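Heads up: the sequence lines are chains A and B, in that order.
Residues in the first sequence are numbered consecutively from 1, following this note's numbering.
Residues in the second sequence are numbered consecutively from 1001, following this note's numbering.
Even glycine gets a Cβ: it sits at the ideal position worked out from N, Cα and C.
Owing to the predicted nature of the structure, the values given are computational and were not obtained by experimental measurement.
Inspection log for the structure reproduced underneath, given as structure tokens.
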Amino acid sequence: MSQVITTGKAFEFTPENKEKAAVFIAKYPEGRQQSAVMPLLDLAQRQNENWLSKECIEYVGQYLGVPYMRVLEVASFYTMYNLKPVGKYFLQLCRTTPCWLRGCDDLVKVCEDKLGIHNGETSEDGKFTLLEVECLGACVNAPVVQVNDDFYEDLNAENFSALLDKLAKDEVPPHGPQVDRINSAPVGGPTTLLEKTGDA
Amino acid sequence: MPTLNVDGVEVTVENGATVLQACEEAGAEIPRFCYHERLSIAGNCRMCLVEMEKAPKLVASCAMPAADGMVIHTNTEKVKNGREGAMEFLLINHPLDCPICDQGGECDLQDQSMYYGSGNSRYDETKRAVKEKNMGPLIKTTMTRCIHCTRCVRFATEVAGVDELGALNRGENTEIVTYLEEALNSELSGNIIDLCPVGALTSKPYAFTARPWELRKTESVDALDAVGANIRIDSKGQEVMRILPRLNEEINEEWLSDRSRFSYDGLKRQRLDSPYVRKDGKLQAASWSEALQVVADKLNATEAGKIGAITGDIVDAESMKALKDLMDAFEVTSVDCRQDGAKLDASVRSSYLFNSTIAGIEDADALLIVGSNPRYEASLINARIRKRWKKGPFPIGLIGEDVDLTYAREYIGAGAKSLEDVANGKHSFAEVLKKAERPMIIIGQGALTREDGAAILALAKKIADDTGMIGADWNGFNVLHTAASRVAGLDLGLVPGEGGKDVAGMLAAAEAGEMEVVYLLGADEIDTSKLEKAFVIYQGSHGDAGAHVADVILPGVAYTEKDGLWVNTEGRPQLSTRAVFGPGEAREDWTIIRALSEVAGKTLPYNTMEELRAKMVEVAPHFADVDMVTAAAWGDFGAAGNVSDVPFTNPISDNYLTNAISRASGIMAECSQAFAADSEEGTGTHG
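So this is what it looks like as structure tokens:
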């Protein structure tokens, strides 16, 4: 398995990203600019269709004066950097205990049946990539799937299937709970603190 | 200076020392894998656990700073359990394939699991396997055995200065690889083999050839560059199996350059194993008596002015002294040990030494490098410069080829004009040198082997004088040699005498037919095509350029096959020890010259090595102080003159093919090919 994928296409930050990079670098003292490697890798990943090619790694290395190997070590250590191309909608499906108890296995099955992809695979049309991840920290709304940057919560086979249908048509529904619920409040509306207490 | 109690023993250690160092001071042995005193602290193997009173858990002693009043226990039940636990974890993914592992018998993991392990495993699951990685022609990898101590990564980054090695991924999936799995391109890469505490990184050329307990270990001195690194030659029967570094804080610490470590297979190839005499236009094997007779007759029949002698790069001091005495007996004055044509002055010893000493680099506070790439000419000196540079402000200026030296430096210019600017104070770096308390200059052979070499030497001397490099307890004037035999040759006066010709003069005269006999003592790095008309006597170990033009070949032995004195670039005489015998009829070089003198009727006045060394001490007293550097008095040298604007060319164009031994080595040829992109095509040293 190769460490990184070479695309042969040169990579360079857009002017907006260069401005952002300057802000990140300015957060660190003079001569310590290599500390900005993580936010810069994130910027590069966002600009490069959500993954880091060899060109991105080397660009960030040059940008900060950090040896390429050191950049690659960081990029390979953290799971949130993708070193392989991913689909337009990157599904990170939580499979830690609460989500698992609340039926995340059903969601995996939906992906397998509907998209034909297993953990780590990308659908043929290049739209979806499935990655099973550990706790996303939204246990109260389990099970949860992160689509790119957003959490879709309280999923089950039906509403997850519907979500995938919409995404396939490039319609992005509002994120958050996919059932009748406000954030982490009880399903169907609040059950306590119902009385107004005046202007306390 | 904290004082600690370790197992009931009170010890006081330096500020900043670790608990592990304190334990060692107190005589307690602490097992470790990741900790190495010359590398930064990683603290990831957990083998060095000790019990510290008032600490809730065992602490990793390598990463715990020693503090006043600490009470440490290293031999309690808790510590024993901790070590067993750490060892069990380390062995979870270790294949335990010791019977087929080259590290077997000298493996830290093997030894320490015997001493500190529990002796059994509770692990029933499958072990992880990792593919072998490519690290080039020198390093064989079996990464399944890796325990992720990261010593190799830290060495490459910190000491060698190449950020190519790293640990990718995390946790159980961690793998040590080079960037894009390219060959590890460092002139010090072989040291990671020694550093690896397990069998993950082993020597590729040595693979499966011997077990450590079968090897005879001979402590000797390296002769493939002028550093004089201390080595251990491991041999089996009459074959050198490998060469390892030996600790010497003054010179190589515990490192060795790849050229010195891996050229040993060249000792088995292209060897001259019998005397040869050219008969009917062809070199034919002859007996010693016949060959010596031919040489003696020729020397006796030729007038002294038409005889010349040149000594090469890998010649021990005794042989050079014997040759010098023989040539004196024949009243020959055309003798030269500077086969590269360096304009060095043999009359002032400090003018051709690395006066500050290698360890002294660490005391310097500014450095000017002229016409040299120490990375290839003396890799270990370069490592020392890098070590000093890492410690803090150390401005370095470079005049010559713009090469990567693994540390930051200010590039001043390409040639002698830039040196003139610094000498005249026109360049700002002159100010840097002046401000420094212990400035130093390193002049490489690239600056001295030119026509204007003497003028450049004078400029360097001017810089040394003007910027305060010469003081009562500091001499920052350094000449960096590339040849192990050069300093000894100059010490013994192997330079042209009255009316004598230097190397260039001899070659020109030989080409013109005026020089009839040329005696080459291991001299291969000269333009031998000019010697076709002359009667050439070649004495040496390898059938290289010199032997090809020879009319008589006298087979000598290589540096691993003789006892001899070598003087490194600092002027430090060191003794090499014979590890194996030379092949066939080859004899120790000084005995050949001694035998020749007898046949020629001019018997040299010594019969034993001791008598010969006594004669050497008469000429150069410092030969008596083996392993010591005798400070040389400052004097007047160099010749003021105009310098040309031609850029300096470094003497080494291909790091792996600098001498007859490495040119005969298959391993070096492979390296040369693998790293060809970096070193432009080269066929050896210039000159």
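Cβ contact annotation for Val1432/B (same chain, cutoff 6 Å, sequence separation greater than five): Ala1366 and Pro1395, in chain order. In this structure Phe128/A touches Leu115/A by the C-beta definition: roughly 5 Å separates them, less than 8 Å.
Under the 7 Å criterion on CB atoms, Ser76/A is classed as interfacial with respect to chain B.
Pro1573/B is bridged by DSSP to Val1567/B.
Sixteen is the threshold: when 16 or more other Cβ atoms of the shown chains lie within 10 Å of the Cβ of Met1616/B, as they do, the residue is buried. By the Cβ neighbour-count rule, Thr1209/B is exposed, with fewer than 16 other Cβ atoms within 10 Å of its own. Residues of chain B whose Cβ lies closer than 9 Å to the Cβ of Tyr28/A do not exist; the shortest such Cβ separation is about 20 Å.
Within chain B, the residues Tyr1179 have their CB atoms less than 7 Å from the CB of Tyr68/A, given in chain order. For Arg1170/B, a Cβ of chain A is located within less than 7 Å of the residue's own Cβ.
For the set Cys1101/B, Ser1319/B and Gly1082/B, the Cα lying nearest the Cα of Ile1592/B is the one of Ser1319/B.
Within the segment 1158-1169 of chain B, the residues whose Cβ lies closer than 9 Å to any Cβ of chain A are, in chain order, Val1162, Asp1163, Glu1164, Leu1165, Gly1166, Ala1167, Leu1168 and Asn1169. Where Ala1309/B is concerned, the enclosing beta strand (DSSP E) starts and stops at Ile1307 to Thr1311. For Tyr1123/B, there is no enclosing beta strand (DSSP E), since its DSSP letter is neither H nor E.
One thing to note: Ser1379/B has its Cβ no nearer than 7 Å to the Cβ of Leu1520/B. For Leu1020/B, the number of other beta carbons within 10 angstroms of its own is at least 16, and it is reported as buried. Annotation: the continuous alpha helix (DSSP H) that includes Cys99/A extends over Thr97 to Leu101. Using a Cβ-Cβ distance cut-off of 8 Å, the segment 1062-1071 of chain B and the segment 1021-1040 of chain B are in contact, since at least three pairs of beta carbons, one from each stretch, lie closer than that value. Around the beta carbon of Asn1248/B, a 10 Å sphere encloses 16 or more other beta carbons of the protein chains shown; the residue is thus reported as buried.
The straight-line gap separating the alpha-carbon atoms of Ala1223/B and Ser1351/B is approximately 22 Å. Judged by DSSP in its simplified three-state form, Gln47/A adopts helix. Each of Gly1117/B, Asn1191/B and Gly1085/B was checked against the Cα of His1036/B, and the nearest Cα belongs to Asn1191/B. Against Glu73/A, the close residues of chain B are Gly1166, Ala1167 and Leu1168, in the order they occur along the chain (beta-carbon pairs closer than 7 Å).
Non-local C-beta neighbours of Gly1446/B in its own chain, meaning closer than 7 Å and more than five positions away in sequence, comprise Gly1371, Ser1372, Gly1400, Phe1648, Thr1649, Asn1650 and Pro1651, ordered along the chain.
By the C-beta criterion, the segment 1196-1211 of chain B is judged to be in contact with the segment 1089-1102 of chain B, since at least 3 inter-stretch pairs fall below 8 Å. Residue state for Tyr81/A is assigned as coil, using DSSP reduced to three classes.
A contact between stretches requires three or more CB pairs, one per stretch, nearer than 8 Å, and the segment 1598-1615 of chain B fails this requirement with the segment 1412-1427 of chain B. Contiguous beta strand (DSSP E) elements confined to the segment 1081-1160 of chain B occur at 1139-1141, taking only those with 3 or more residues.
Ala1488/B sits buried, since 16 or more C-beta atoms from the chains shown fall within 10 Å of its C-beta. Asn1475/B counts as buried, since no fewer than 16 other beta carbons sit within 10 angstroms of its beta carbon.
Three or more beta-carbon pairs separated by less than 8 Å are not found between the segment 1562-1573 of chain B and the segment 1272-1290 of chain B, which leaves the two stretches without contact. In this structure, Phe160/A sits away from Val86/A, with a CB-CB distance that is not shorter than 7 Å. Bridge pairing for Ser1334/B: Gly1308/B [DSSP].
Residue state for Ser1351/B is assigned as helix, using DSSP reduced to three classes. Taken atom to atom, the span from the alpha-carbon of Leu164/A to that of Leu107/A is near 11 Å. One thing to note: Ala1346/B has its Cβ no nearer than 7 Å to the Cβ of Asn1568/B.
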